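Here is the structure we will look at, set down as structure tokens.
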Amino acid sequence: MAYDAGAFPAGIIGPGAMCVFSCYEFPNAKVDGYDVVVNKPKTSAYRAPGATQAAFACEQVIDELAEKLGMDPIEFRLLNAAKEGTRRVDGPVYPRIGFIETLQAAKASDHYRTPLKGANRGRGLASGFWFNIGLKSSVTASLNADGTVNLLEGSTDIGGTRTSIAMQLAETLGIGAYDVLPKVVDTDSVGYTDVTGGSRVTFATGLAAYEVGLDLRRQMAARAAEIWECDAEQVKFEDGVFHGPKQSISFKELAAKIAQTGEPIVGRAAVDPQGSTNGFGTHLVDVEVDPDTGKVTILRYTAIQDAGKAIHPSYVEGQIQGGSVQGIGWALNEEYFYDDKGHMRNASYLDYRMPTALDVPMIDAVIVEVANPAHPYGVRGVGETRSSRRRPRWRTRSTVPRRRG
């Protein structure tokens, strides 16, 4: 694989080489990758950098093979799909993953079962993968007398993660999400936290929120033991209630008594999770092409993705839909245009054509949940798992393969 890197190598080739064969079981594989330096602006990371171009190439070949074999493209993928125990080309072995489940959901969807009718229309199918980058996250939390919890974290919220992290802390403490008061603070106010990217925030900073919840529970159990005059080991926590040898007290009731037992309770957690897994996705799209102008109209789009556990389902759907629309822009509208002298002729957003709501149909988002074993709530990052926006195999109504129900 050779990537246009602009004037300086940009680090995109690594993820591309990692992800090119990530969806399939290849007993033997070798990937050679090259950054090609040219006299153009430097490239940089952009939502699964390098992976979408690699998936485009791989998915094209997968479809060509299925066509030559006369096989349904989903059936061919199911026969060769990566699963638990598959070794990715760069070395890691997958734990439990949900790629097969996304293919099965695509096959069972109303979209795939509906015959494609009309001239100059085609149906595209593609799958994709992106990893959880993990990295470092830090959070602190302080308990209030009314049973609410202040949560400080350092992951910039660009997709609803302030809420998804608060929900994980609330789940750990057995309280309502509205009782957690999250705040994204600057680098002077919280421990070191890595970049918001790599589909890592709900996964990694959420893991830190889980750990800080356990810290609060331990401290509160010790205070309950003081009140009840028993050993802390005798205090158990379940569903928002602390249970002692003879008594029980709710989280909020105990919070109101903390001031009587000593200093305020403040929790802290820092994590640096590692792992080889994340989300897989399969996308379906129907398009119509004007044979005179080449204009492509998207008729229907279904995006299916394994989220592990959708902490906030509507935010997950939003991430899936947003990524799909960005992919549509890449495939149909967006392009840097250079003249013969190497000057960029569309250097402003007036000329760089990004899709708007008028250019795309409703993106039907289907969430598959196959729990990530590396996270206590099964979370997988969802922000960057996209298909390759594959070029459809153009078909008329008479040549559309029959779908088996």
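Everything in the sequence shown is counted per our numbering, starting at 26 for the first residue and increasing by one. Here a beta-carbon is modelled for each residue, glycine too, at the ideal position from N, C-alpha and C. In this text the structure is predicted, and so the values were computed from the model without any measurement.
Alpha carbon of residue i to alpha carbon of residue j, nearest angstrom
i	j	result
A32	T68	8 Å
V393	T307	11 Å
Y377	M369	11 Å
Q346	E263	37 Å
P338	V310	22 Å
I200	V209	21 Å
A133	I323	21 Å
D182	G292	22 Å
I38	D256	56 Å
M387	F362	29 Å
V237	G269	22 Å
E442	S273	Summary: the structure shown does not reach residue 442, with the chain confined to residues 26 through 430, and so no result is reported for it.
N25	V266	Because the chain spans 26 through 430 in this model, residue 25 falls outside it and cannot be assessed.
K366	K65	12 Å
W355	A247	55 Å
A195	V164	14 Å
E288	E254	18 Å
Backbone secondary structure at residue i - three-state DSSP
i	result
Y377	coil
G352	helix
P40	helix
L103	helix
D204	helix
V393	strand
I87	helix
R112	strand
N371	coil
E360	coil
I283	helix
M26	coil
S47	coil
G75	coil
I388	strand
G406	coil
G347	helix
Identity of the residues DSSP links to residue i by a beta bridge
i	result
G480	Nothing can be reported for residue 480: it is not among the residues displayed for the chain, which extend from 26 to 430.
E196	DSSP, once it has assigned bridges, lists no residue as partnering E196.
E178	V164, V209
G31	V62
V220	Note: V220 sits in no beta bridge, so no partner.
Proximity of residue i and residue j at Cβ, strictly below 7 Å
i	j	result
V385	I336	no
G406	N145	no
V45	V56	yes
G41	A70	no
S47	F154	yes
S162	T218	yes
G172	A250	no
A396	G304	no
I125	K108	yes
A471	A328	Lying outside 26 to 430, the shown extent of the chain, residue 471 is not represented and no answer is given.
G123	Y340	no
Proximity test, Cβ basis, 7 Å: residue i and chain B
i	result
T197	Going by chain labels, chain B is absent from the structure shown, which holds only one protein chain.
What are the start and end residues of each continuous beta strand (DSSP E) run of 3 or more residues lying completely inside the stretch 225-279, in chain order? Scanning the stretch 225-279 from its first residue to its last, the whole beta strand (DSSP E) runs of 3-plus residues come out as 261-263, 266-268, 273-275.
At 3 residues or longer, what runs of the beta strand (DSSP E) sit wholly inside the stretch 131-172? Listed in chain order, they are 146-156, 162-168.
At what residue ranges does the stretch 286-343 contain a whole run of the alpha helix (DSSP H), taking only runs of 4 or more? Listed in chain order, there is nothing to give.
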